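Worksheet for the structure shown next.
In the working numbering, the protein residues as written are 84 to 248.
Okay, structure coming up:
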């Protein structure tokens, strides 16, 4: 093990010990990591959306080119230029293959986008649970405060009854 690996290992152990003894810092670190991950995922989502838009535009261009070459094939056949029609037909088939590849790539982007949305949703659910966990102590403290106020009121009423009774 090199000195750099040893140093890294030692620092990692110290960090783990620090976080174990400081749960609030551990929670802050986890929240920051979740925010960083969410930011990366959102950036990747934007990138996927742009790429998908470019692929859709390319597919539309290919569709126009294919239509144009089919018309040329038909014109060449009507004119009796069979060799030219065959070459144009081969070019149209090549364009169709390009379109299929573009479509498959677009489907792959769609799957990746759906997976990414799932990860973002999980992060949102986790953040919601963390907020709820943070809110719970204050909610229970508020309940305790209300219970204590009710107890004190009851005690004061008992004292008043004894004095009058």
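C-beta: ideal position from N, C-alpha, C; glycine also.
All of these numbers come straight from a predicted model, not from anything done at the bench.
From the options, pick the residue whose C-alpha is nearest to that of residue i; which is it?
i           : options               : result
residue 47  : 134, 241 and 174      : Within the shown structure, residues of the chain are numbered from 84 to 248, placing residue 47 beyond reach of any answer.
residue 204 : 128, 97, 86 and 102   : 128
residue 126 : 196, 230 and 224      : 196
residue 114 : 98, 239 and 206       : 206
residue 175 : 156, 102, 230 and 166 : 156
residue 182 : 229, 141 and 193      : 141
residue 137 : 186, 244 and 202      : 186
How close, in whole Å, do the beta carbons of residue i and residue j come, if the pair is a contact with beta carbons under 8 Å?
i           : j           : result
residue 154 : residue 178 : Not a contact, Cβ separation roughly 13 Å.
residue 209 : residue 110 : Not quite, the Cβ-Cβ distance comes to about 12 Å (not below 8 Å), so this is no contact.
residue 168 : residue 160 : 5 Å
Taking only the alpha-carbon atoms, compute the straight-line gap between residue i and residue j and give it to the nearest angstrom.
i           : j           : result
residue 199 : residue 190 : 14 Å
residue 104 : residue 123 : 30 Å
residue 237 : residue 224 : 20 Å
residue 184 : residue 145 : 11 Å
residue 158 : residue 131 : 40 Å
residue 96  : residue 139 : 50 Å
residue 106 : residue 242 : 45 Å
residue 120 : residue 112 : 12 Å
For chain D, check one thing: does any of its Cβ atoms lie closer than 8 Å to the Cβ of residue i?
i           : result
residue 100 : Of the protein chains in this structure there is only one, and it is not chain D.
According to the neighbour-count rule (16 or more other Cβ atoms, all chains shown, within 10 Å of its Cβ), is residue i buried or exposed?
i           : result
residue 33  : Because the chain spans 84 through 248 in this model, residue 33 falls outside it and cannot be assessed.
residue 143 : exposed
residue 231 : exposed
residue 100 : exposed
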